[in-house]
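> Here you go, one structure.
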Amino acid sequence: MATAMRPADLVEDALIHVDAATRREFGPDETVWTPGQRREYFLRLDAARLDPGSVIAS
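Numbering (the working numbering), first residue to last: 22 to 79.
Right, here's the structure in full:
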């Protein structure tokens with residue numbers, strides 16, 4: 022029997038997905054990101070917290 026996924030696990034998976042995708046796009050060293058890139062990163066994290074299913078599905 023499969024273990025049910027808890028909401029916190031779903032959010033954590035979405036945050037990991039967003040973090041990995043953003044680092045691929047902007048580079049692994051966030052100290053060299055522009056202010057706009059950092060803002061975009063935080064907006065993406067917020068979106069993943071609000072609707073984690075849409076992040077993982079994409």
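Even glycine gets a Cβ: it sits at the ideal position worked out from N, Cα and C.
1. Taking C-beta to C-beta, are ARG59 and GLU51 nearer than 8 Å?
2. What are the boundary residues of the alpha helix (DSSP H) that includes GLU46?
3. How would you label VAL39, buried or exposed, when you count the other beta carbons within 10 angstroms and need 16 or more for buried?
4. I need the straight-line Cα distance from ALA35 to VAL53, nearest angstrom please.
5. Can you name, in chain order, every residue of its own chain whose Cβ lies under 6 Å from the Cβ of TYR62, other than the five neighbours on each side?
The answer reads as follows:
1. yes
2. From DSSP, the alpha helix (DSSP H) with GLU46 extends over 28–47.
3. Around the Cβ of VAL39, a 10 Å sphere holds 16 or more other Cβ atoms; the residue is buried.
4. 24 Å
5. THR43
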